[in-house]
Each structure stands twice: as C-alpha cells, then as structure tokens.
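Beneath this line is the structure, given in structure tokens, with notes to follow.
There are 4 protein chains.
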Amino acid sequence: MIRVTIWNEYWHEQTNDEVKKVYPEGIHEHLKKVLGDEEDFEITTAWLEKDEEHGLSEEVLNNTDVLMWWGHMRHHEVKDEVVERIMNRVIFGGMGLIAMHSAHYSKIFKKLMGAPCSLHWRAYNEKARVWTVAPLHPIAQGVPLEFPLESEEMYGEYFSIPKPDDIVFITWYKGGNVFRGGCTFTRGAGKIFYFHPGHETCPSFYNENIIKILKNAVRWATPGIIPDFEGGHFKEPLEPEVTDRPPILDDMKK
Amino acid sequence: MIRVTIWNEYWHEQTNDEVKKVYPEGIHEHLKKVLGDEEDFEITTAWLEKDEEHGLSEEVLNNTDVLMWWGHMRHHEVKDEVVERIMNRVIFGGMGLIAMHSAHYSKIFKKLMGAPCSLHWRAYNEKARVWTVAPLHPIAQGVPLEFPLESEEMYGEYFSIPKPDDIVFITWYKGGNVFRGGCTFTRGAGKIFYFHPGHETCPSFYNENIIKILKNAVRWATPGIIPDFEGGHFKEPLEPEVTDRPPILDDMKK
Amino acid sequence: MIRVTIWNEYWHEQTNDEVKKVYPEGIHEHLKKVLGDEEDFEITTAWLEKDEEHGLSEEVLNNTDVLMWWGHMRHHEVKDEVVERIMNRVIFGGMGLIAMHSAHYSKIFKKLMGAPCSLHWRAYNEKARVWTVAPLHPIAQGVPLEFPLESEEMYGEYFSIPKPDDIVFITWYKGGNVFRGGCTFTRGAGKIFYFHPGHETCPSFYNENIIKILKNAVRWATPGIIPDFEGGHFKEPLEPEVTDRPPILDDMKK
Amino acid sequence: MIRVTIWNEYWHEQTNDEVKKVYPEGIHEHLKKVLGDEEDFEITTAWLEKDEEHGLSEEVLNNTDVLMWWGHMRHHEVKDEVVERIMNRVIFGGMGLIAMHSAHYSKIFKKLMGAPCSLHWRAYNEKARVWTVAPLHPIAQGVPLEFPLESEEMYGEYFSIPKPDDIVFITWYKGGNVFRGGCTFTRGAGKIFYFHPGHETCPSFYNENIIKILKNAVRWATPGIIPDFEGGHFKEPLEPEVTDRPPILDDMKK
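Residue numbers (my numbering), protein chains in the order written: chain A, 1 to 254; chain B, 255 to 508; chain C, 509 to 762; chain D, 763 to 1016.
Now the structure itself:
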C-alpha cells in the first residue's frame, strides 16, 4: 500500500460560493475521491484547522509515503515546527511531496527549493494547453503529448526555481505565457513534484489527464529501497582501502 | 571590477599550532593574497568575530559581487539574521557564493540547497586526485583534466545535495572514496559553486590549480546582466496577448 | 513480459582460455542465466556470427523490448545496416539499450551519443569500488551505496560522453582513477543505460550487485506508454488555437 | 579574434521573390552584417553551391571557431564527407555550432544529437513570444525575460531531442503551441546551440534581441582552453597511483 496524505488549506471552499460550487467538500476530499480508485492507495486527508498541528502530527507524517499539498492564501499560518517536521520527513525519511498550484509559495516548498519560487500571474482564468516534454518520464505515462484545460489561472515564467531534475510538462496560456508547470526535484531521500493546475475556481481536478498525472506522481514519489541509507548517512563507516598512516576513523554521521 | 568578500570562520588559525603554520594570517588573508593578482578583483575580508554582524553588514553585502565562505566548527554561531541577509542578497540580488570545504554544512549553503548536505568523511588527510568531468565549463578553463593533492581531508559520497546543475570535478581518494567535490547550482538570481579542498591543516590553497579554479569560479559567479529582472520579478506586468474577458491585470510581484 | 535480447560479440570466450574459464558458455548465456530468475523476463541471445544479421533481424528487434550489448574488439564487423536498424528501433520504437563495458565504443552507442565516447584505460585489472550517487534512481533500488569489485579493468575519466540525464554510479579505482561508469540517456522514444563493469577476464557478471543493477536497468529501459506518439510524431496535426489567417495546416510528420 | 563561419543553404533567397525581399543578399550575408559590428568577430560566409565542398574545406573548418548553420530544403545535398569533417571538427577540435531554425533537421545536427530531432509545425507564420527560462545563462545576458516576434513559423513540441544541457528559451505561439526553442548541448570538445527563429519569410534576423542572442551564442560556443586535452584524450597516460602488479600501461588513445 502507498500511504497518501492529502493536505489542503481548506479556506476558499468554506468562504467563497463560487469555489463551493466546484469543490463542495473541499479540494482534499475531492482529490481523495478521484485518486481513491487506485486499489493500492491508502488515502487520508488533513487541513489547516484540523487540529493544532494542521493534522500533521509526527505520527501522521511517519505513516505517510506521499504528502500532497494545496495551499494559497494562508501559507503564513502553517506553523514553523510543522514545516520543519515535514522537511525532515522528506529529506531524511524519503516521504514524497506533490506541491499543487499555489503551493509554489508554501513554506515547505520554498524551504526545499532554497529559491524565491516567484512567478508571473494574472488573476483570471483562461484557456491553457499542457504539453508533455519528457514523454518517457514515469509521471507522463499514459498522458497525451498535449491536452487542453478550458480554464485555469495563468502561472507563467519567469519561474524562479532551481533547475529542475526534469521538466515533464510545459503549459501554454492563451494570454501569451508559457510555464514550466510540471517539474521534478530530489532533496535528500525525498522526491518532489510541482504541478501548476488546480485554481480553486477551476475544475482542473476533474480532468482525467490531471488525475492520471497525479496518480503517476504519487507512484513516482513513493520512497524507494536504499540499503545502508538512513537519511543520507551510512550506517557504518567504511574501512579505508589504502591508508598512509594508522586509520583513526571517525564517522561523524554528519 | 569584481567585488569579492572572503569570509572565514578564523578560529583554527588562532587556536591550533599546526594550522597556524599553514595559514599564519588566516585562510581569508591567504586567499586574498593568492587571488589578489587578478587586476579586476577588489577583495575584502570578513570573519566570525570581526564585528557583531560577522563583518557582513547590509552595506558590505550590497557591495559584494561574490562571497567566498570558509567555515567549519562554528557554523551555529553565525546569526540567523545575517544568514537571511546573505540568502536574500544571493537569490534576489544575484551575489555569487563560493562554498569551500566544510562550508557544505554552513547555514547559508544548507538553506540554499534545501537538503541534508551530509557526506562521508575521515578525520585524517590522504592523497587525492581531482578529475575534471566538465572540461568545457568556465570554471574548468585552463585546469588540467587531472591534478593531485598530496594531502586533503576525505570528503566522500554519498553527498546528499540536490542534483547539481553541473558536476565540474570529481575527486578520488586513496582510501577508496569518490566525491562530486566541484558542483554548481543556481538559486534565483545567484550562482553557487561548492568546492571541497581546503582542510585547515592542508596546503591546498597554495596549489596553483586550486587557485586557478577559485579565480575562474569568482568570474563565473559574478552577477549577470538581466533586463526587467529584479530578484526574479518582472518590473511591469505584461499585457496579455489574447483575452477572453476584460483584463483585470494584477501582478502580485510575487 | 519484458522481452530481453542479450547480444554478445562472443569472440574472447571462444579463443582465449583465461576467458573461457570465467564464461565457458559465453557472456550472453551467462547473463541469460543470472537474469533469468526474473519471472517476467523473456530472454533470448544473439551474437556476431549467429547469422548474417548478427542475430538481429527486423523480426527479432521488433520483438525486443530491451537490448543488452557486449562488444569489444570486433565493433567494426557489425554491419552498418544492422546498426541503422537498431538505431531506428531505439529512437522510434522505444526499445531500451543497455551498453555494457566496451560497448562504449560500439557503433550503436556512438551513433546514439553523437560524441567521441573515448575514455582513459589501463590494460590490467584492479580493485574497484562502485559508489551510488543517485540512490533514488530506479536503477539503484536495492543496491548498496557502495560495493567493491575485487578485479575490474580500469575505465576512467575523461569520458567524452554527452552530459548524462543521470549519473547513477561513479566508480573508484585503486590506481587513482574515477569514472562516471553508470549513466542514463534518452534518445527519441528509447532509454539507454551505460554500465562499465564486465571485462571478459573478470567475474563481475557473477556479482550480486551488478546483477541487481542490470535487472533494474532492464525494467527501467522497458518502453513506456505514450499515447499519440509514434516515433516522436503526433498521429494527427493539432488544430491551431487562434489563427491570424485561414489554417493551411500541414503536418509533415517529420 | 573569434573566427565565425556562417553557412547558408542559400536557395530560397535565389528562387523565391517573397524571401528575396526579406533577405536580398541571402541570410548568410545579412547575418554577417548584423553580427559584424562586434569588433572581435572575424566573419566569413559559405553556402551549399559555393564550391564542391559547400565552402567548407578542411582549411576553412580548421580556421573556424564557431560555425553557424542555416539549412532547410536541401539538407540531403550536403555531402556526407563534409558532414563527417564538421562532426570531427566539433567533437575533437572544439568548434562551436549554432544551428538555426530548420537546421534541427540538418545532417550535422542530427548526427550530433543521435535522436530524431522531429518536431510539430505549421506552414504559416504567426505571433510568437520568446521567454527566457535560464536568465543566468551566458546566452541570455542582456536579453529581456520576454520579447515578441510578430511573425515566425511555428515549431512546437514534442521536439524529439536529447535532454538539453540547458533550456535557455521557451517560445509561445498564438496557435497554441510551446517550444523548447533555445537549447544548449555539448559533444566532445564542442558546444552546440539550437535556436528556432529564422524562417526565410520572417524578419527575425533583424530583431535586436535575436541578434543579441546570436552574438552571445557565438561567444559562448567559442572553444575553451583545456590543457592535456586533444579531442578528449589525454596526451600522456597517467602513472597509476597504486598497483597490484607491475604496470603494463597501455593508453590506447581511444
């Protein structure tokens, strides 16, 4: 089983009528439903006000293989100690992270990137087209080389991220913009996928290709099998092969 | 002129006789001397106890094109607000950063990487060989495809960094280890080079190839010319090309 | 089922007594045996003198998902039309290619790389250590972060290949060399893995970690599922979104 | 001085009135003029029918630092021995190559890529916008983060090239397409830049930003300084560091 935790800010859906119509039970519950037909996904949800730790206790995270994150206007309310906890679980524990839409500005994504993560945007929705530029990538399997989104918020270049490990998708917008909107990264033992669709007033999470991509991303981001690796450290120092003087080995487990 | 600030922890050189012999005036002053024959380098130095801001005031940083960093045992004493200031100057102002030796564990390098930055090491010095694996990279210009270091501290894989933009050098150690010890990264408007040689008891900073590499790295890391770019943001929002409804343009200057 | 064809020059094993002792039935038959316990691998073998097409007819290739290649001294005897056929099957048909040891100099590998593929070497065997530097890569799953090879031919830098998509393994040699010896590439619809161990007088293909890596590589290199993609072409031209004059669409199926 | 040779098919300009109006002296002569104000560029031109070797004799190539290439309909008429000669000069001699527009399908570009190099296209011109996605790259220096082209032929994804070393520019087209249209590669000692603008009926080579990019690309692609490197080979074999038996060194100069 792949243990997935879907985290949502869950604010627009409770306060904005337009959003309620699109995602009446919240984006997290909607995603749980559309991803839930994968038999080996075990999905739970969490949100900003679920409890004092935003539903992300040590125990929850230790039992999460892949964390999906949707946040927008209340990034600053996510507690720093919870962010630190997620960070450690990603880089030392190998938990995957899927950052969706405005999560480019979440504390956890920015902390993992070490970069501004700024982008160009327009506050209204327009026609977009998602183009696959790494068709051999696991996240692109079964996804057409191009598919349209009738309405999505424009997020465009320049996107101030580190050079991605792979750019899987580039999105075209009718208004004249392009966006490296589907990108992968690795940090320590963890895999990260950023994917831009999912504005709260747009039905992108109903789109079969978006759903396919998110499912692929969950599988891709699931922690791997790495012997002798505990958070990037060797369990035992290696005996040096050839030494010039008596070995005074001292593995700091840095 | 390229304005270089060389920062050094400057502790071993004041407290350890073995180190004093190698770098009597401190690693920073030594580096200033060996890099100083480049006529267009304007070099100043700073260190942990220089003043309350470790010699890295807002003014100093705003007048620095490339910051070189050597730190080892007192990373934790570098104040968080100074680290934040350096971070901003790198990612928004385009200041280059050259992280040397144990600086892989400095607060600023870890913050920019978003990764553990852990590695494998042995606490004694051994024969090493530096191999160039990206000979066309600007930092490798004029550097042999291989050169030896008679004595350097072993820093080896697995090095838990993000996938580098370029791996320029890989180092061999007699004891059986390899290390991606010369790597480049970009974060926002800034360029970063990590280079492993420079243990305080080793004369690596006297090595002509090491000096050549550091000079090349300074030139490479010097901020570029990017019109319309202020910390990764466009100065003005772009008028959309084709719109479906009246443009309600709103550039957040995210 | 993953249909694997293992191709071997099969010359040393028939002419050199030392080699016969290590691989009495040929490297291809040995690999077939050690990889054959994977239940979903369907393995056949081919060799230079199997028939007039080196055992690589159109039909054989069209029924191959992953081609493994071992060649050394008789690269030049592989017919150009067979090489062209393999090339087309990789870049248009998505067949994976695993190039082993001296296959860095095979016609097919050089043709896919477009680069010299030269390297530094020594004509005797020595202690080596394989270091994993991309532990999250599918090919590294279940492989230790380091494992030794008691005896392998030294292949070292500078290895004149295009920048790999991923460097999965770097090998250390006792004699002072390092080698980016486990690298991935993509070309058209096909995935390529180069892996250096496997000198004909060394028992590397008996090593459990090498076997694990080759099995992983076969799975990784298996063709993916790409809708609308026939050798990199769209099946149908896309209707343009917005046009300035009547569309005179003409998809060249380039 | 940087010795630039601009090669042009030079056919459309002689046979098509529409093209003649845009580039009356040929694209090669036009480029020579607009790049020629760089005082350290020494520019010569060559074309398909200049002489029996298309103006690219051994002597011309040996005196070329950067070769710029424009070809479209007569790729197949370029002689294979000339292509082989260019290939060798790039990968062993370090000559830079700038492939413009339809040169994605030139023999030399395909040979260097080892990939289909196919793309999606429409046979008419439309509004385009060039977006910089690697603003720190030398080729992007002084270039705005975005600039429009009023009319350019659509070349779009999926572009079946190897993963580029760097994607510097991504182009948006009004018709709904995106294109990784400004990409860098390295092959042996040579640097390669592909850049998509330059359809024969479009005035792109009059655009100041395009001209700036081409000038930057020429400087970037100029061969570097690599000691001990002759076409990727070490001049002398290295003495092994530690040997298990008497060294029988044999450097094949592969």
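The beta carbon of each residue, even a glycine, is placed where N, CA and C say it ideally should be.
**Study point:** W70 (chain A) and L97 (chain A) closer than 9 Å at C-beta
**Key:** no
Check your understanding: What's the gap between the Cα of S819 (chain D) and the Cα of T984 (chain D)?
Key -> 20 Å
Exercise for review: List the residues that DSSP assigns as beta-bridge partners of P910 (chain D).
Suggested key: D:R891
Check your understanding: Does the beta carbon of T425 (chain B) come closer than 9 Å to any beta carbon on chain C?
Key -> yes
Exercise for review: Determine, using beta carbons only, whether T552 (chain C) comes closer than 9 Å to chain A.
Suggested key: no
Check your understanding: So, is the C-beta of I975 (chain D) closer than 9 Å to a C-beta in chain A?
Key -> no
Review point. Where does E59 (chain A) sit, in a helix, a strand or coil, going by DSSP?
Key: helix
Check your understanding: Got a sec, what are the start and stop residues for the beta strand (DSSP E) V78 (chain A) sits in?
Key -> Taken as a continuous stretch (DSSP letters only), V78 (chain A) belongs to no beta strand (DSSP E), as it is neither H nor E.
Practice item. Since I believe L797 (chain D) is in contact with E771 (chain D) (beta carbons under 8 Å), could you give me their beta-carbon distance rounded to a whole number of angstroms? Key: Actually they do not touch by this definition, with Cβ atoms about 18 Å apart.
Exercise for review: Whole angstroms is fine: what's the gap from A877 (chain D)'s alpha carbon to E560 (chain C)'s?
Suggested key: 27 Å
Exercise for review: Return the chain-ordered list of same chain residues with a C-beta closer than 6 Å to the C-beta of I464 (chain B), the five sequence neighbours on each side being excluded.
Suggested key: P451, S458
**Study point:** Selection of the stretch 781 to 797 of chain D by Cβ proximity to chain A, strictly under 8 Å
**Key:** none
Review point. So, helix, strand or coil for D420 (chain B), using DSSP?
Key: strand
Point to revise | Per-residue DSSP class, three states only, for W172 (chain A) | key: strand
Point to revise | Any C-beta of chain B under 9 Å from that of F667 (chain C) | key: yes
Review point. Around the Cβ of T513 (chain C), are there at least 16 other Cβ atoms within 10 angstroms (buried) or fewer (exposed)?
Key: buried
Point to revise | Per-residue contacts from L136 (chain A) into chain B (C-beta, under 8 Å) | key: Going along chain B, no residue has its Cβ under 8 Å from L136 (chain A), so there is no contact; the nearest lies around 17 Å.
Point to revise | Cutoff 9 Å: T694 (chain C) Cβ touching any chain A Cβ | key: yes
Check your understanding: Which of helix, strand or coil does DSSP assign to Y124 (chain A)?
Key -> strand
Practice item. Find out if the Cβ-Cβ distance for the pair C710 (chain C), E661 (chain C) is shorter than 9 Å. Key: yes
Review point. For A951 (chain D), which of helix, strand or coil comes out of DSSP?
Key: coil
Point to revise | Straight-line Cα distance separating K381 (chain B) from M509 (chain C) | key: 49 Å
Review point. Are G442 (chain B) and G348 (chain B) closer than 9 Å when you measure CB to CB?
Key: yes
Practice item. Name, please, each residue of chain A whose Cβ falls closer than 9 Å to the Cβ of I734 (chain C). Key: T132, P135, L136, A140, Q141, G142, V143, P144, L145
**Study point:** Helix, strand or coil at K528 (chain C) according to DSSP, with G and I counted as helix
**Key:** helix
Review point. Quick one: what's got a C-beta closer than 8 Å to K720 (chain C)'s C-beta in the same chain, skipping five residues either side?
Key: G650, V651
Review point. Taking the alpha-carbon positions, what's the W773 (chain D) to S659 (chain C) distance?
Key: 59 Å
**Study point:** Collapsed DSSP secondary structure at A140 (chain A) in the structure displayed
**Key:** helix
**Study point:** Sequence-distant residues of the same chain with beta carbon closer than 8 Å to M621 (chain C), five excluded per side
**Key:** I669, P670, F693
**Study point:** Cβ pair count under 8 Å reaching 3, the stretch 638 to 647 of chain C against the stretch 680 to 690 of chain C
**Key:** yes
Point to revise | Pairwise C-alpha distance: V78 (chain A) and M68 (chain A) | key: 15 Å
Point to revise | Collapsed DSSP secondary structure at L321 (chain B) in the structure displayed | key: strand
Check your understanding: Along the chain, where does the alpha helix (DSSP H) that runs through A729 (chain C) open and close?
Key -> 716 to 729
Review point. What residue does the beta strand (DSSP E) around T299 (chain B) start on, and which one ends it?
Key: 295 to 301
Exercise for review: State the DSSP-derived secondary structure class of N8 (chain A), mapped to helix, strand or coil.
Suggested key: strand
**Study point:** Alpha-carbon spacing of Y531 (chain C) relative to E550 (chain C), whole angstroms
**Key:** 21 Å
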